[in-house]
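Reading through the structure tokens given below for one structure.
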Amino acid sequence: MRLGRERLRKVLAIIGEMYPDAHCELDYQTPFQLLVAVILSAQTTDKSVNKVTPQLWQHYPTIADLAAANVVDVENDLRTIGLYKNKARNIVKTARAVLQDFDGVVPKTHKELESLPGVGRKTANVVLAEIYKVPSIAVDTHVSRVAKRLNISAQDASVTEIEHDLMKKIPKRDWIVTHHRLIFFGRYFCLAKNPKCAICPVQSYCKYYKDHVKNTK
1 MRLGRERLRK
11 VLAIIGEMYP
21 DAHCELDYQT
31 PFQLLVAVIL
41 SAQTTDKSVN
51 KVTPQLWQHY
61 PTIADLAAAN
71 VVDVENDLRT
81 IGLYKNKARN
91 IVKTARAVLQ
101 DFDGVVPKTH
111 KELESLPGVG
121 RKTANVVLAE
131 IYKVPSIAVD
141 THVSRVAKRL
151 NISAQDASVT
161 EIEHDLMKKI
171 PKRDWIVTHH
181 RLIFFGRYFC
191 LAKNPKCAIC
201 PVQSYCKYYK
211 DHVKNTK
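Under full-length UniProt numbering, think of the first position of the sequence shown as 1, with each following residue one higher.
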């Protein structure tokens, strides 16, 4: 049986006490820098992205600079992160598209954002929530893992299904802060390997704990 709204509310209150100040950990100064950083963060840690972006911004301080960049030069700035060649192509194309199609302004809708190279729904959700404060829940690997372990969503649920489950069970006003707190919980506590189940304050609500930890003691 799925974790219902009331029990989920209690779980989220506990996680909220653990991480009251959860926030986006990507470093940026402009909306476009955030857009690029989120594109770069696919299958890569925020920490790794934050190591390469200072040099990237130094070399390409404006959208126009990146739009005019040689992709090979951009690749050299991104070489330490995964899929750097593909990401270099995408961020240069995205810079050109933002300039040509949106007058240099990061778009404000899912449809427009997802028209940009390298931008999927998760990236669009992050940008909309962080820059424009549009209620959104971006489902990354951490949110997906926590949602399945807590039985908020089915074990085989897709990213889209998990997003819909969370949106349905959580008040819209709480979507943004919940997204950040679930990421922090997954990133620092409910780890992919060696999660801290023994000291977890939500273990009594957790399907993963019941199936993989409690019953093996």
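Yeah, the Cβ is synthetic: ideal placement off N, Cα and C, and Gly gets one too.
Backbone CA spacing between residue i and residue j [nearest angstrom]
{"i": "residue 248", "j": "N90", "result": "Nothing about residue 248 can be reported from this structure: the residues present for the chain run from 1 to 217 only."}
{"i": "G4", "j": "A129", "result": "25 Å"}
{"i": "L116", "j": "Q100", "result": "12 Å"}
{"i": "V119", "j": "K87", "result": "10 Å"}
{"i": "A69", "j": "V92", "result": "7 Å"}
{"i": "T123", "j": "Y208", "result": "28 Å"}
{"i": "T94", "j": "E161", "result": "27 Å"}
{"i": "W175", "j": "G104", "result": "28 Å"}
{"i": "R181", "j": "I15", "result": "7 Å"}
{"i": "C29", "j": "R121", "result": "Note that residue 29 is Gln in the sequence shown here, rather than Cys. If you take the alpha carbons of Q29 and R121, they lie about 22 Å apart."}
{"i": "K108", "j": "V38", "result": "15 Å"}
{"i": "F102", "j": "K196", "result": "45 Å"}
{"i": "L66", "j": "R173", "result": "35 Å"}
{"i": "A13", "j": "N125", "result": "23 Å"}
{"i": "K133", "j": "P171", "result": "15 Å"}
Exposure label - residue i; buried when at least 16 CB within 10 Å
{"i": "T178", "result": "buried"}
{"i": "N194", "result": "exposed"}
{"i": "V72", "result": "exposed"}
{"i": "H142", "result": "buried"}
{"i": "N151", "result": "buried"}
{"i": "Y188", "result": "exposed"}
{"i": "R145", "result": "buried"}
Nearest residue (CA-CA) to residue i, options the options
{"i": "M18", "options": "D211, C200, Y208, H212", "result": "C200"}
{"i": "R7", "options": "K169, V98, I183", "result": "K169"}
{"i": "P20", "options": "K196, F185, A157", "result": "F185"}
{"i": "P31", "options": "M167, I131, N76, S48", "result": "I131"}
{"i": "M167", "options": "T62, D65, V139", "result": "V139"}
{"i": "H164", "options": "K148, I137, F189", "result": "I137"}
Interface flag, residue i vs chain B, CB-CB below 8 Å
{"i": "C206", "result": "Protein chain content of the structure displayed is limited to a single chain, and chain B is not contained in it."}
Specify whether the segment 199 to 214 and the segment 37 to 50 touch according to this definition: at least 3 beta carbon pairs, one from each stretch, less than 8 Å apart.
-> Proximity of the segment 199 to 214 to the segment 37 to 50 falls short of the contact definition, fewer than three beta-carbon pairs being nearer than 8 Å.
Cβ pair count under 8 Å reaching 3, the segment 77 to 85 against the segment 46 to 53 = By the Cβ rule, the segment 77 to 85 counts as touching the segment 46 to 53, because three or more pairs are nearer than 8 Å.
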